[in-house]
Amino acid sequence: MKWFFFLVAFLPFSLLNAQVKISGKLTDNKGKSISGASIALASTYDGTTTDSTGKFVFFTSEKGSHFLEVTMTGFDSYIKKLVIEAEPIELNISIKELITELNAVVISAGSFEASDKKKTTVLSSLDIVTTAGANADITATLKTLPGTQQVGDMEGLFVRGGTATESKIFIDGNLVNNFYYSSLPGIATRGRFNPFLFKGTVFSSGGYSALYGQALSSALVLESTDLPLKTEASLAISVIGGGGGIQKLAKNKKASWGLTYNYTNLALAFAVIKQKQDFYKIPQYHELDANFRFKTKNGGFVKYYGYGSWNQLGFRAQDIDSSTLQNAFSLQNLNTYQNLNWRENIGNGWKSFVGLSFSTNKDDIKNELQDPNDNKVLITDPAGYALKNFMVKNRAKYAQARVVFEKRLAGINAVRLGADQFYSDEKTIYTLFTGREFTSEVKDNLTAGFAEADFYITKDIAAKLGTRVEYSQIMKSWNAAPRISLAYKFDKTSQVSFAYGIFYQNPETKYLPSLHATLGYAKATHYILQFQRLKNQRTFRTELFYKNYNALYKTEPNSNGLLLAANNGGRGYAKGVEVFWRDKKTIKNLDYWISYSYLDTKRDYLNFPGSRAPNFAATHTASLVLKKFSLPLKTGFNASYNFASGRPYYHLAFDPSKNKYAVKDEGKTINYNSLGFSLNYLPNLGKKESKSFIVWVLSITNVLGQKQVFGYNYASITERKIPITPASKRFVYIGCFLSFGVDRTQDTINNNL
Amino acid sequence: MNNMKKMILFALVLSFVNLAQAQSEKFKSAMKMNISSIDSSYTNPQNLLSLSNSFERIGNAEKSQWLPYYYAALMQLNYGFMQKDMSGGDQYADKASSLLQKADSLVPNNSEISCLKSMIATVRMLVQPQARYMQYGPDIETNLEAAKKQDPSNPRPYYLKGENLKNTPEQFGGGCAAASESLKIAKEKFNSFKPASDLSPNWGAQRVNILISGCK
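These protein sequence lines are chains C and W, in that order.
Numbering-wise, the first sequence is residues 29 to 781 according to the numbering used here.
Numbering-wise, the second sequence is residues 1028 to 1243 according to the numbering used here.
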C-alpha cells in the first residue's frame, strides 16, 4: 500500500524523463527549404536550428501544451500550439518571406539616386562634391550622368530633349524657384546651394513620382541633412573669396543650429585668368545662411533653412552689330529663400510631412550701348541701336505650402496622399531708352492634390501608381496626370523597370500674359524601359525612352515686338537610348563611371518655324569620370572628360510680310570636349592629435583648353554672327577649407576606405 | 497512515527542492555546454548561428539571466565578422542588437554589453565603410570608452580598440604602431583578469596574442 502511493506520487516525474522526438522540415511558401532557422519550444531550453536541407529534429521531456516557435530573419514569424504526449511529432512548416527594403525590387526607371543610406544607389553624396570639373556644383555633377546635355551658355538641366525650364528642383519636397544665380547673357550660372547641405539626391530624367509636378522633363529632389554629428566651426579661403560658419549641436543631441557666411570676389581670379568680357563691375557675392533643426517628442523632426544672397556684376563686350561700339550689361541681385519642414508620426502608422517655403528674388539689370571710351551712346537711327539701352527690374515672390500623409501598410507597401499650394507673383518693369516704363505682373495660385501607392505583389514584382491633379488660376482649368512605374527583379542583381507618366506644365512667366485668352497646359508623355544590374561594386544600367510632347507653347510677337504665348499648337518628341557603367572594383583604388546618351529629338515650339532639332540638344553625349585616392600622398585625384556632338543653331528672324518667323541661317556647332581635373590634399589625414582638419582643393576646368562653341549670336541690325564661347578658356580654383572641433578624417575615410 | 502522509509530503517537498536545484543546474550545464562548443564552432561558422539560437532559447526560458542573451548576440556578431563579404552584415547586427537589448535591460551599464554594442557598430560600419564611417565611427568609440569606465579591469575594450586600430590603414591613424599600446594594456589586463563565474565572458586573450605576434 505504502509503496503504491509513493510510486503514484513520483510517477509523473519519472514520466518526464521519457523524451519525445519532434522533427520536420521548414520551407518557404515556394517550397524552398530554409536553413539556419531557429525552432524553439517556447519557454523551454528545447529546440534546434534547421540544417542545410531545412530539416530539424530535437527531443524534449516537456509534456502537455506548448508553443513551437519558428524564427528566421527576413521571414514571417510562426507559432504553433503542440500537445506533447508520448508520440513523436512530425511537422512540415511553411513560412512566408517578408518583403523588406533589402530584398525587394527597386522602382528605378528614370531615376538616379545619390544617397548613403540605401544599398541600391548608384552614387554617394560625396560623389557630388568630388567630381572633377563640376566645382562642387550639384547640377554640374549630374551632367556626367546619362540623359543630360552639356550646355555651357545657359544654366539648368537640359534633360532628354527638354529645355532647362522643364526641369524643376525641390528641396525637402518644396519647389525652389531660383535655384541658380540670375541668368547672364551667354554664361551658365551656378547653383546657389552648397552640396554639403544635402544628404540625398534623386535625379529623375523622366517618369517621376506624382508627388511632384509642373516639370515636363525632369525632377531633381534634394533632401537636406538632419542633425550634424558634432559641433564644429569651419573656415574657407580661396582664390575667389572666403567664409566661415558654425554648426552647434545641443548636448542632448536632439537639436542644432548653424550659421554660415561667404563672400566671393572674382577680382583676383579675373586678374590672372583673362576673361573674354571686360568686367567693369567685378562679380561680388555676399551669402548668409542659417538653420535650426530639432527632434520632436513623438519622434518627429523639424528643419529650418534660410538663405539670403546679394550679388552684383557688370561686363562689357563688343556690340554684336558694330565693330566699334560696346554693350555693357550689369546686374544686381537680392535673393532670399526660406524652407521650414516638419515630419511627424501622427498615430495609426501614419506619418505627416508639412512643408512651408517662401522666397523672393530681385534683379536690377541695366544694359547700355557704349562708345570705345565707355560712354553711353544713344543712336536712334536705325532704332535698333537705341533699343540696346534699357533697364529691367524683376521682382518676384513665391510661397508654397505642402502637406503629405504617408501610411505604411503590410511589409513595405505604402500609400501617400497630399496637397500643394503654390503662390507666385512675378513683376517686371521694363524701361525703354526713352524712359518709358512697361510693367507686367503675373500672379498665379496653383493648387495640386496627389495620391500614390507602392504595391509589392511579391518581393520581386512592384508597382507604383499615382495621380496628380492641378488647378492653375492662370490657366483656369484642371489637369490630371497619371503616373505608373513597374519593376521586376529576376535575380538578386538584375531587374527591369518600366515607367509611364503624363506631365503638365504652365508657360514660362516671361511669355505671359498670353496673347489669346485660352491656353491649355503643355503636356509630355513619358515611356521608359530600364535594365539594371548591380553586382560586386559594379553597376550597369541602360534605358530606352520615348517622350511625346503635346500642346507646347507657340509664341508670337505683340505690338511691341515682345514674344508672348499665343497658342498650344506646338509639339515634339524625344527618343533615345542611354547607358551607364560604374566600376569600383576592377582596378584597385580606382573608381570610374562612363555614361553615354543617344538622343533623337525634334520640336515645334516658341517661335520655331516648324519642327526641328532644338539648339540645346546634341545627338551624342558621353562622360568619363575617374576618382582615385592615394593614401601615401593623402591626396584624391579626380578627372572627368565630357563630350557632346555638335548642336544645331538657328537664326530665326521675323518676316513681317508673312507675319511669322523664318530660318535665315542655320548650322551645327563643332563637337564639345572638356577635360576637368581636381585634386584634394588632406595634410592632417590620420593625425588624431591635430585639432583642425585641412582640405586643399585645386580644380581646373577645360585643362586642355579645347575650343568650345555653344552656338551663335546673330546681330539684329547688321548681318554679323558671332560664336558663343566660354568667358575664359579654363578656370583654375585653389581653395583651403579648415574645420575645427571635429575630425574631418572621418569624411575622408568615408570616401576612400 | 499518518506516517505515510508525512512521507508523501516530505517526498513532495524534496522533489520541489530538487526541481529548483535541477533548474539552476540545468541552466549551468546547458550554458557550459554551449560555451564550451563555441571554440569548435569556428570551423563551421553555421554552428555559431545554431549556438546563438540555443543561447536565445535558454534566455527566453530563464527570462532573468542576461548571459544567454549576451552570448546569443556575441555568436551573431562573430558570425557576421566571419563573412567574406561584409555587405550583408546588417541582418546580424540587427539580430545581435535585439538580443543585446534584452541583456542590457537586465543589467544596465555593463562593461561586457558595451563592448558588444561597439562590435555591433563595427559590423554596421563595415557594411559600407566609405559611407558609414561618419555615422558609426563615434558609436564604436563611445561604447568602448564606456566599457572601460564601467569596468576598468575588463581587458576586452582594450583588445577591441587594438583590433580596430590594427585593421585601420596607417594613413588614417591605424596600423600596428597605433594599436600596440591598446594591445599591451589588453594583454596585461587579461593576465590578471578573473571572470566573475565560469559562465561569465572570458574570451579574447588568445586573439590579443595573435595580434601582437602578427605585428612583430
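Cβ coordinates follow ideal geometry from the N, Cα and C atoms, glycine included.
This one's a predicted model, so the numbers in the text were calculated from it and none came from an experiment.
Below 7 Å between beta carbons: does that hold for residue i and residue j?
i: G189/C; j: F207/C; result: no
i: Y581/C; j: A550/C; result: yes
i: F478/C; j: A238/C; result: yes
i: A1173/W; j: L1192/W; result: no
i: L514/C; j: V470/C; result: no
i: N564/C; j: K613/C; result: yes
i: I722/C; j: L661/C; result: no
i: A424/C; j: N376/C; result: no
i: K282/C; j: T259/C; result: no
i: A168/C; j: A527/C; result: no
i: E129/C; j: I440/C; result: yes
i: K331/C; j: N369/C; result: yes
i: S756/C; j: N163/C; result: no
i: V249/C; j: F198/C; result: yes
i: V431/C; j: I393/C; result: no
i: A593/C; j: P684/C; result: no
Any heavy atom of the ligand ZN closer than 6 Å to the CB of residue i?
i: V85/C; result: Only the bare structure without any ligand can be found here, which leaves the ligand ZN out of the picture.
For the candidate residues the options, whose alpha-carbon lies nearest to that of residue i?
i: N596/C; options: G589/C, E584/C, G604/C; result: E584/C
i: V267/C; options: L362/C, T76/C, K696/C, V300/C; result: V300/C
i: L13/C; options: A429/C, D349/C, T76/C; result: For chain C, the structure presents residues 29 to 781; residue 13/C sits outside this window and is missing.
i: C975/W; options: R1183/W, A1213/W, S1132/W, S1064/W; result: In the structure as shown, chain W starts at 1028 and stops at 1243, and residue 975/W therefore has no counterpart that could be examined.
i: R748/C; options: G733/C, D392/C, Q346/C, K603/C; result: Q346/C
i: S351/C; options: G638/C, L397/C, D165/C; result: L397/C
i: L69/C; options: I107/C, F559/C, L634/C; result: I107/C
i: A429/C; options: G327/C, T475/C, L713/C; result: T475/C
i: G548/C; options: F418/C, T521/C, A508/C, K616/C; result: A508/C
i: D1112/W; options: W1093/W, R1151/W, N1087/W, E1089/W; result: R1151/W
i: F644/C; options: L296/C, R675/C, L659/C, F671/C; result: R675/C
i: K688/C; options: L680/C, A318/C, L316/C; result: L680/C
i: P642/C; options: L590/C, L591/C, T697/C, E315/C; result: T697/C
i: S1114/W; options: L1126/W, A1158/W, S1145/W; result: A1158/W
Given that residue i touches chain A, what residues does it touch there, using C-beta distances under 7 Å?
i: P585/C; result: Among the chains of the structure shown, chain A does not appear; the protein chains present are C and W.
Can you tell me which of the three DSSP states residue i falls into?
i: R1159/W; result: helix
i: F768/C; result: strand
i: V1150/W; result: helix
i: M29/C; result: Low local confidence applies: a pLDDT of 44 at M29/C is under 50, so the model's placement there is unreliable, and no value is given.
i: Y291/C; result: strand
i: I15/C; result: The requested residue 15/C is not part of the displayed model; chain C covers only 29 to 781.
i: E194/C; result: helix
i: D155/C; result: helix
i: T176/C; result: strand
i: G328/C; result: coil
i: I762/C; result: strand
i: V150/C; result: coil
i: N778/C; result: Residue placement at N778/C is flagged as unreliable, the pLDDT there being 44, under the threshold of 50; the coordinate-derived value follows with that caveat. DSSP places N778/C in helix when its eight states are reduced to three.
i: I268/C; result: coil
i: F298/C; result: helix
i: E985/W; result: Here chain W has residues from 1028 to 1243 only, and residue 985/W is not among them.
i: Y1097/W; result: helix
i: N1087/W; result: helix
i: S1114/W; result: helix
Complete beta strand (DSSP E) runs within the region 221-248 of chain C (minimum length 3 residues, chain order): 226-232
Sequence ranges, alpha helix (DSSP H) only - wholly within the region 619-678 of chain C, length at least 4: none
Any beta strand (DSSP E) of 3 or more consecutive residues that is wholly inside the region 57-96 of chain C: 66-69, 75-77, 83-88
Interface positions of the region 644-668 of chain C facing chain W (Cβ-Cβ less than 8 Å), listed along the chain: L659, P660, K662
Residues in the region 101-125 of chain C having any Cβ partner in chain W nearer than 8 Å: T101, G102
Residues in the region 148-164 of chain C having any Cβ partner in chain W nearer than 7 Å: S152
Against chain W: residues of the region 232-261 of chain C by CB proximity under 7 Å: L257
Completely contained alpha helix (DSSP H) runs for the region 1154-1240 of chain W, where each covers 4 or more residues: 1156-1177, 1183-1194, 1203-1219
Members of the region 1103-1124 of chain W near chain C, C-beta cut-off 8 Å: S1114, D1117, Q1118, D1121, K1122
Contact residues within the region 1174-1199 of chain W, judged by C-beta distance below 9 Å to chain C: T1195, P1196, E1197, Q1198, F1199
Under 9 Å (Cβ pairs) to chain C, residues found in the region 1066-1086 of chain W: Q1073, N1074, L1076, S1077, L1078, S1079, N1080, S1081, E1083, R1084, I1085
Interface positions of the region 1158-1175 of chain W facing chain C (Cβ-Cβ less than 8 Å), listed along the chain: Look at the region 1158-1175 of chain W: the residues with a C-beta under 8 Å from a C-beta of chain C are A1158, R1159, Y1160, M1161, Q1162, G1164, P1165.
Residues, ordered as in the chain, of the region 175-206 of chain C that lie near chain W by beta-carbon distance below 9 Å: For the region 175-206 of chain C, which is checked against every Cβ of chain W, not one residue is closer than 9 Å.
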